[in-house]
Each structure stands twice: as structure tokens, then as C-alpha cells.
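S.K.: Protein chains in written order, with the numbering used here: chain A, 57 to 316; chain B, 1178 to 1596.
All residues carry an ideal CB built from backbone N, CA and C; glycine is no exception.
What follows is a single structure, and I will ask about it in a moment.
Written as C-alpha cells, this is what we have:
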């Protein structure tokens, strides 16, 4: 089997969807969303699009390996890698794991950035938050997160009925607690630490769309530190309530045995 | 969140990765799904759908961005005046029941003989405050080690007093004795003052000792705020405080009069000054309640005053017999203790007032930057100092308010999907 030995020049090159990160975010948005502009809008932004196209081709020529698809698709792939998939851990449970709604949200945000001048990341996060706050999607996500393993751990001596009551209580807590969806979302982000590491590289550090806690805070009407502390408190409260619940179960069992 | 000695939810080990909600770091399930999800091509249907979508979602997203303060608010999307809805002062005034429950919780937390009930009351109180104050200020630095140590000592003294009392329940006898006791104790203090002024030191010592003992042994449980008491604005706690502290001041005044009659004008002046200063300091602490500082009487202070007054009068009786002219300087311990307690009262009031001012100024400076100011600040549930803030402007809700239908309703669901 023949093995390609990359030359020094080739090893410096990266995949085209990573190389386009060197473009301005507005140019990437133009490349990705130009197709979904109306004809009138396309006429308005044609000059900008051609300029972005030329810049993109130059970047790909200089820094990327041989591209196997046109530049607009490469730009959309960039958004998929740095905006859609990093948020799948967060918003995936809200869409039953489907990335389609997220991809739509990215393209719409890119479109609004071109047409209205709203920062694409802000628009994307607002759309994400809107989805997350949707009651049906939230119910879907809560159903997923109530199966979170540490929440469904229990003492070895627990009886079956007690376990069922306990699980039901957790379900109710998770679905009705005021911390949903911020708590769920933060959990999801923390459970995907690799995503954060991938996105901290120089080229995409300021261009990724991961909906971090500090981005969530304004939508919750809080300062980021306050949100962090509140989430910490809420988790502790969850834990305390669970412990209290077990104490009550144990006390009930003990009282029942005493009465018998 | 993990429970100690935890085991899996399914002891037979039948749970799958999906069933326990564990996600791998890489969320790509298989190559086929990955290829399908990562495909960046757009067909005609996608383009048509995405061209139509902005018209439907633009207003919604603009409202979200404006509510988050990330872009200037559009003209149409004016946020409701949330602070008009969340006027905590008005809400609390209207909800007298809530206030009474909180006071009752405070009373149970402070006075209950059962440690379990005290602990439970503290938990419930914290929860109640958390629910009342929508913007719970967290991250407030805890009190210093000295303050915590003093609180511990005070709690131990309180328990010692609680062990002395014979009334631990609301019985008819207690209900009769509770309003009578404060006047009886005040009358005993007045008698002791008259006796001290007249030079009958031994009799006065007996009366002072009887007053202190009676106050400790027959201390009734916290008086309830009955309907007619609320109607006429009569606060039994306030009446008890006035009678108790006035009684102490009367004893010192009697001592002062006795010293003056015995030819000790300087000692008399010092004692009288201490009595007036102690009374003034106590009244300032009680009056601070009107400013929102809930500062109950310290049990250390009560114990110190009881011991100092009784000890000083007893020492005078032993040394002087009849008349206070030949009393020893040890007698001046009583006014010294009362003056020291007065200084402590003033320092304590000033400490909490300063702490509250610090929080208010911090909130005010936060309001100048982004308007992210909580509706209220709980300085500490231990001290129960609640500061209400009213902001002129509007701000985004911290969590969706279901009552006003400003946010989506949450639904109760189960893990099996049934609602």
C-alpha cells in the first residue's frame, strides 16, 4: 500500500473549511448565505459577494489543501463545524439530536447579518435561545436530561417503590424547576469540554458560535457572574432536596417499621 | 449532586448509554448520519424555506435581542414595566400573611427548643426569602470569624436561658402571665430603685435577685400578634423591651440616688450617666427596626446586665449594710457593664447599617452600568436584613413570569413521555 509522505508545504496546509476562518466573519456569512438572499438582495450585495469570493479563493489557495467543493459550501461547512456541531451538546436534546434546525438558524443569522447588519453571533444566539425557551422543545430536553446518570443514583438499600417515587420526583423537579433551561444548557456545555478546547484555537477563537454561559447571561437578564453563582446555588439546592427526599424516605421506612 | 454510596438506577446493569443519558464527547453517532448532517448543499426547497423564514422569525428574534440588551430596542417591542408589577413593598404590604409567616419562621428559628425545628425553620425561611426576592444577591461575603464566634456564644447563652424557663408551651397560665409579667418585673425594678435610694440595700438586693430570677424562670414563649393587637398597632415585643430596659435603668437610677445620698456625687453621676446611655443605645437599636434592620436583643447582653446589676447590689449590701456611702468601688462594675453593653449596641447597629449602605451603593453603581439590579437584596438570612430596591426603569425578567404569561409555561412530564 502506497503511503503519501506529506511535504513540509503540505503539512502547513489545513482543510479548506478551517482555512476560511481567516476571512472576516461577514465575508464567510456572505459566502454561506448568498444563495438564500432574494434576487433583489443578491443584486444589492453582488459586489460584496464577489469580493468575498475572491478573498476566499486566495485564502484557500494559500492555506488550504485542495478543495473538493465550491467555496459557499466550504463556508457553510465552516459554520457547521464551529457553530452548529459545538452547540449540538447544548441544543441537541432540544431537537432530539437533529442538527437541521441549528443549521437553519445559522444561515438565517448569516442572512440577517448581511441584510440588517446585526452581528451574526448575537442573532444566532437569540434564535437558539428562542428555540430553547419553546415549551415543547424544553419538555423534550427535560425528558432527556432526567435520565442523567448521577441524578438517578440511589442508596443500595433503597426499595423499588422508593426508587420509583424518587425518579418521579426528579422528573417533576427537572421539568418544573425555574432553572430550566439555563441549568440544562450549562450541563450540556460542561459535558462537552472537548468542544471548548477545539474552539479555543487562534483562527476560530473569536468566530465560533458556541452558546457559552457568558452569552446566556444577557438572555436571562443577569450578569455572567451572577448566573454562574445562581446555577451553582440551584445545583446545590437540587442536591439538598434530593438528600432531604432520601432522609424522608428513610425516616418513613423507619417509622413504619417502628409502628409494625 | 452525586449521592454517597450511590449505585446505578438499574441494579441488573441493563441500562444502555442512551438510557442513562450519558453522551460521548463526540456526538457523531455513525458515518452515515454524520455525512447526512454535515452536507452543506442547499436544494431548491431549502432555499425557498430559508427565504421565507426571516419574515416569520425576525420580530421574535429582535425582541429577544432587545430584551437581552444586546441591540437597541425596536419601537414596537416595548418591554412591560416589570418593576411596576414587582413593587415588592406594595406586594409585601398586601401580603400580610406572608410577613407574619416570615416573622413566625424567624421566631421559630431563634426561639424553638428543638434543634431540628430550628434547622427546618432556617431552611424554610431561606427558601421563602429566596422566592420573595426575585433577584437573590449571591456571593455576599460571610460575616467575619469574630462575628460568627459571638453568634455561637450568644446561641449557647440563649439555650442556657431556655433551660431555666418553666413555660415552654402556650397554656392558659402562660397566656395570662405573659402580659402581666412585664409590668410585674417593672414594678419590682421600681421597688428596688426606691429601696436603693432610701438606703435599704439588703432588701433591694433581694428584690433585684427576685426580679432577675423571675424573669428567667417564668419567661413566656414569644407573644402572638393577635388581631386586636395588630389593629391598634400594639407590639408586645416592643412593650417587653421597654419594660425590661427601663427596669434596668431604674435599678441603676436607684443606685445612683443612693450613692448621692451617701455622699458619693461623682459615683452617682457616673452611674446615672451609664443608665441613660444604656437606655439610649438600646432604644437606637430597637428604632433601627424601622429602617429595616432586624436586630434582636443579644442574650450575652442580657446575661451580662443581670449578673452585673445583681452582683453590684449584692456587693454593696455585703460591704455597706445600711447606706451606700461606704460601698466599695466594685459597685461601679454595674454601670461600667451597662455602658459597655451600650457601646456594643451602637457598634452593632452601625456595623449592619454600614453593611447595608455598602450593598446599596454597590447596587446603585451596578444600576448605572447595565441596569442589572436585583429587586431586593438579602444581606444574610441569618441576620434577616431585607433591603428592597425599586428601580425607575424596566429590566428583563430573570426567569419567565408565568402569572403574566410573559414566558412559556413549563409542563410536568415524566421520563416515559406521558404528560
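What number of angstroms, rounded off, separates the C-alpha of residue 1229 of chain B from the C-alpha of residue 130 of chain A?
M.R.: 24 Å
S.K.: In this structure, how does DSSP classify residue 1202 of chain B when only helix, strand and coil are distinguished?
M.R.: Reliability fails at residue 1202 of chain B, whose pLDDT of 40 lies under 50, so the model's placement of it is uncertain and no value is given.
S.K.: Which first and last residues belong to the alpha helix (DSSP H) in which residue 185 of chain A is found?
M.R.: 176 to 188
S.K.: Of all the CB atoms in chain B, is at least one closer than 7 Å to the CB of residue 186 of chain A?
M.R.: yes
S.K.: Measure from the C-beta of residue 155 of chain A to each C-beta in chain B and report whether the shortest distance is under 7 Å.
M.R.: yes
S.K.: Against chain A, does residue 1222 of chain B count as a neighbour if the rule is that its beta carbon must be under 7 Å from one of theirs?
M.R.: no
S.K.: Is the Cβ of residue 1472 of chain B closer than 7 Å to any Cβ of chain A?
M.R.: no
S.K.: Using the DSSP secondary-structure output, state which residues sit across from residue 70 of chain A in a beta bridge.
M.R.: In DSSP, residue 70 of chain A forms a bridge with A:120.
S.K.: With DSSP as the reference, label residue 101 of chain A as helix, strand or coil.
M.R.: coil
S.K.: Taking 7 Å as the threshold (beta carbon to beta carbon), is residue 274 of chain A in contact with chain B?
M.R.: yes
S.K.: What are the residues in the stretch 155 to 180 of chain A lying within 7 Å of chain B by C-beta distance?
M.R.: Residues passing the 7 Å Cβ filter: 155, 160, 163, 164, 167, 168, 174, 178, 179.
S.K.: Starting from the beta carbon of residue 1217 of chain B, find every residue of chain A whose beta carbon is closer than 7 Å, and list them in chain order.
M.R.: Residues of chain A passing the Cβ test: 129, 132, 133, 136.
S.K.: What does the alpha-carbon distance come out to for the pair residue 1419 of chain B and residue 1333 of chain B?
M.R.: 25 Å
S.K.: Among B:1323, B:1325, B:1336, which residue has its Cα nearest to the Cα of residue 1287 of chain B?
M.R.: Of B:1323, B:1325, B:1336, the residue nearest in Cα terms is B:1336.
S.K.: Quick one: is residue 257 of chain A near chain B, going by C-beta distance under 7 Å?
M.R.: no
S.K.: Between residue 99 of chain A and chain B, is there a C-beta pair that is closer than 7 Å?
M.R.: no
S.K.: Between the stretch 98 to 117 of chain A and the stretch 148 to 161 of chain A, are three or more C-beta pairs nearer than 8 Å?
M.R.: no
S.K.: Let me make sure I understand the geometry here. Which of A:216, A:172, A:144, A:166 has the alpha-carbon closest to that of residue 187 of chain A?
M.R.: Residue 187 of chain A has its Cα closest to that of A:144, out of A:216, A:172, A:144, A:166.
S.K.: Under 7 Å between C-beta atoms, does residue 1237 of chain B make it to chain A?
M.R.: In terms of beta-carbon proximity, residue 1237 of chain B lines the interface with chain A, with at least one pair separated by less than 7 Å.
S.K.: Mind listing the chain A neighbours of residue 1246 of chain B? Cutoff is C-beta to C-beta under 9 Å, in chain order.
M.R.: 274, 277
S.K.: Between the stretch 70 to 93 of chain A and chain B, which residues of the former have CB atoms less than 9 Å from a CB of the latter, in chain order?
M.R.: Identification of residues in the stretch 70 to 93 of chain A having a C-beta nearer than 9 Å to some C-beta of chain B yields 73, 88, 89, 91, 92, 93, given in sequence order.
S.K.: Is the distance from the Cβ of residue 1175 of chain B to the Cβ of residue 1426 of chain B below 7 Å?
M.R.: The structure shown does not extend to residue 1175 of chain B, since chain B is modelled only from 1178 through 1596, so no value can be given for it.
S.K.: Residues in its own chain within less than 6 Å of residue 166 of chain A by CB, not counting five upstream and five downstream?
M.R.: Spatial neighbours of residue 166 of chain A in its own chain (CB-CB distance under 6 Å, excluding positions within 5 residues in sequence) are listed in chain order as 85, 88, 89, 176.
S.K.: Within 6 Å: the Cβ of residue 1444 of chain B and any heavy atom of the ligand GTP?
M.R.: Ligands are entirely absent from the displayed structure, and the ligand GTP is therefore not among its contents.
S.K.: Is residue 1507 of chain B helix, strand or coil by DSSP?
M.R.: In the structure shown, residue 1507 of chain B sits in a helix (DSSP, three-state: H, G or I).
S.K.: Counting C-beta neighbours from all protein chains within 10 Å, is the total for residue 1353 of chain B 16 or more, i.e. buried, or is it exposed?
M.R.: exposed
S.K.: Which residue's Cα is closest to the Cα of residue 135 of chain A: A:181, A:265, A:192?
M.R.: The shortest Cα separation from residue 135 of chain A among A:181, A:265, A:192 belongs to A:265.
S.K.: Quick check on residue 183 of chain A - is its C-beta less than 7 Å from some C-beta in chain B?
M.R.: At least one chain B Cβ lies under 7 Å of residue 183 of chain A.
S.K.: State the start and end residues of the unbroken alpha helix (DSSP H) segment that holds residue 1454 of chain B.
M.R.: 1442 to 1464 is the extent of the alpha helix (DSSP H) around residue 1454 of chain B.
S.K.: Tell me, please, whether the stretch 1480 to 1495 of chain B touches the stretch 1369 to 1386 of chain B by the rule of three or more beta-carbon pairs shorter than 8 Å.
M.R.: yes
S.K.: Under a three-way DSSP split, which group does residue 1342 of chain B fall into?
M.R.: coil
S.K.: Tell me, please, whether the CB atom of residue 1230 of chain B is closer than 7 Å to any CB atom in chain A?
M.R.: Residue 1230 of chain B has a beta carbon lying within less than 7 Å of a beta carbon in chain A.
S.K.: Would you say residue 68 of chain A lies against chain B (beta-carbon separation less than 7 Å)?
M.R.: no
S.K.: Looking at chain A, is there any beta carbon in it that lies within less than 7 Å of the beta carbon of residue 1286 of chain B?
M.R.: no
S.K.: Classify residue 179 of chain A as buried or exposed, calling it buried when 16 or more other Cβ atoms lie within 10 Å of its own Cβ.
M.R.: Buried, because 16 or more other Cβ atoms sit within 10 Å of the Cβ of residue 179 of chain A.
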